[in-house]
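Every number in the working numbering is 455 more than the matching position in the sequence shown, counting from 1.
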Amino acid sequence: MDQEEQNVQETSQEQTSVQQSQEKTFTQDEVDRIVTDRVKRSKDKLRSQLFEEAKSKVKAEQDEAKKLEEMNATQRRKYEDQKRDEELEQLRAKVQRQEMEQTAMGILKEKGISVDQDVLDLVVADTAEKTSERIDKFADLVEAKAREIRRQDFSTSAPKHSGSGQKVATLDEFKRMSYTERLELKKEQPELYQDLVKKLF
């Protein structure tokens with residue numbers, strides 16, 4: 456029984472202390488002190504992180520210098536040449552990639568497809584041949600998707616026909632058309648094309 460009474464007393468004391476802590480309010484000075492302490496701790500942590508980063512960078516540079524000191528002149532030249540060759544190869548790869556991206560962007564623009572970096576990452580490969588194949592596949596895919604959307608647009612709305620039996624595109628449909636689709640319309644229905652262009656501007 457004594458143990459039970461002691462447990463009950465401890466439980467009630469804990470509940471009382473929890474209630475008191477829940478009801479505690481802070482003065483402005485206490486809040487200011489808490490905020491100041493937290494800011495100081497975060498500054499100290501950031502300072503410590505920066506110090507550790509600088510320390511590791513200095514250590515890496517010291518290790519590199521020590522490695523160079525231990526090598527004889529021939530080994531040192533060979534090591535430096537190898538390092539330069541690696542850097543040069545990385546630069547070549549970067550320049551080649553940029554040139555391939557520019558070329559791919561130009562080809563896709565000619566096909567009426569606007570591109571962003573995600574598209575370039577998708578179509579640009581290691582070689583010009585692979586890049587060309589990917590561009591062709593991507594352009595075919597875009598064209599097929601555009602035709603499908605165009606078919607859906609024409610099937611969902613009641614088609615308007617001109618006197619010649621051809622479908623007449625509305626201004627909204629014309630706005631949604633790709634560059635290739637507009638060229639096709641210009642070729643098939645030049646008067647309608649001119650009329651829609653005038654309405655656009």
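Ideal Cβ placement from N, Cα and C applies to all residues, glycine included.
Per DSSP, the continuous alpha helix (DSSP H) segment holding K653 begins and ends at 645-655. Counting along the chain, S497 sits inside the alpha helix (DSSP H) bounded by residues 483-525. Counting only residues of its own chain and dropping the five nearest sequence neighbours on each side, V579 has a CB closer than 8 Å to the CB of R552, M555, E556, A559, T586, R589. Exposed is the label assigned to L577, since fewer than 16 other Cβ atoms lie within 10 Å of its Cβ. Unbroken alpha helix (DSSP H) stretches of 4 residues or longer found wholly inside the segment 560-589: 572-578, given in chain order.
The C-alpha of K549 lies about 18 Å from the C-alpha of E584.
The DSSP-derived three-state label of A624 is coil.
Ranked by how close their Cα comes to the Cα of S569, the residues K510, E542, S633 have S633 in first place. For A520, the number of other beta carbons within 10 angstroms of its own is below 16, and it is reported as exposed. Cβ-Cβ separation between L626 and K654: approximately 5 Å, consistent with a contact (criterion under 8 Å). In this structure, DSSP gives T480 a state outside helix and strand, which the three-state scheme calls coil.
The criterion of a C-beta distance shorter than 9 Å is not satisfied by K566 and A601. When the Cα atoms are used, E524 and D518 turn out to be separated by approximately 10 Å. Annotated three-state conformation of M555 is helix, per DSSP.
At least 9 Å separates the beta-carbon of D608 from that of R637. The residues L651, in chain order, have a CB closer than 6 Å to that of F629 in the same chain once the five nearest residues on each side in sequence are set aside.
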